[in-house]
Each structure stands twice: as structure tokens, then as C-alpha cells.
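Oh and the sequence shown: position 89 is 89 in this note's numbering, straight run, nothing missing.
Just so it is clear, CB atoms sit at the ideal spot from N, CA and C, and this is done for glycine as well.
Every value quoted in this text rests on a predicted model; they were computed, and no experiment measured them.
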Amino acid sequence: MPKIKKNDVVKILAGRDSGKTGKVLTILPKKMKALVQGINMVKKHSRRQSNDQQQGGIVHKESPVDISNLMIICQKCSKATRIGFNKLSDGTKVRICKKCKEII
């Protein structure tokens, strides 16, 4: 199970977009990949569809990035950090920042 969730802000660690940040749009847990907004953009060549009246051409879209190449950015300390887990007194499991120990 990935530690990164939808709507997290992440930093890219490897690849042509390394160093950039973006918001996670979707998680693909079986493939251990994530779609990040504006990161790993590819050009998709599409044909014109006659039944939908959809126009053909080149479409720019995001491609999945491996989760091992992502690091979450903590909102409290504004740094890229690893994620740990803690149990609260009522038994709920929460994600914590390894640097500042705050709940994410």
C-alpha cells in the first residue's frame, strides 16, 4: 500500500522532471505509480472520432510516475520528507512527517 495519497503535494526525485513539485491526481496502487499534475507530460496522437465529433490531433497529458521517485512535502515545515505512521490514543492510524513529527 503506497504511503502517498491523492491531493498530496510531492517532489520529484528522479527523471527529467526531477526537482519539480506537483499535486497527486490519482494513485495506481497495483502498479505502484501515481499521476502528478504537470509532471511527466507526454504527447498522445489521437485520431478524429466520427461518432463523437471529437477533433483529432496531438494531446498533452500526464503519464504515471513510479511512487519510489516521489517524496511528500510537509505542509508544516515545507520540506520534502519521508512518511511514518503513528497510532493516536483512540486507535486511529495517522501519517507523520519524519522531520518535524507533525501529523500530515
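Between the options, which lies nearest to residue i when the distance is taken from Cα to Cα?
| i | options | result |
| --- | --- | --- |
| M41 | G91, I27, Q55, G15 | G15 |
| T26 | K76, V9, K5, K99 | K5 |
| Q37 | S78, N7, C97 | N7 |
| I76 | K3, P2, V9 | Looking at the sequence itself, residue 76 is Lys, so the reference to Ile does not match. For the residues K3, P2, V9, the minimum Cα distance to K76 belongs to V9. |
| I72 | D17, R95, S89 | R95 |
Can the beta-carbon of residue i be found less than 8 Å from the beta-carbon of residue j?
| i | j | result |
| --- | --- | --- |
| K101 | P64 | no |
Near residue i, which residues of its chain fall below 8 Å by C-beta distance, leaving aside the five closest residues on each side in sequence?
| i | result |
| --- | --- |
| L28 | A34, L35, P64 |
Return the bridge partner residues of residue i from the DSSP annotation.
| i | result |
| --- | --- |
| T21 | K11 |
| G57 | S46 |
So, for residue i: in the same chain, excluding its five sequence neighbours on each side, which residues have a beta-carbon less than 6 Å away from its beta-carbon?
| i | result |
| --- | --- |
| R82 | K98 |
| K61 | K44 |
| K11 | T21, M71, I73, A80 |
Can you find the residues in the same chain that come closer than 7 Å, C-beta to C-beta, to residue i, ignoring five residues on each side of it along the sequence?
| i | result |
| --- | --- |
| H45 | I58 |
| R48 | Q54, Q55, G56 |
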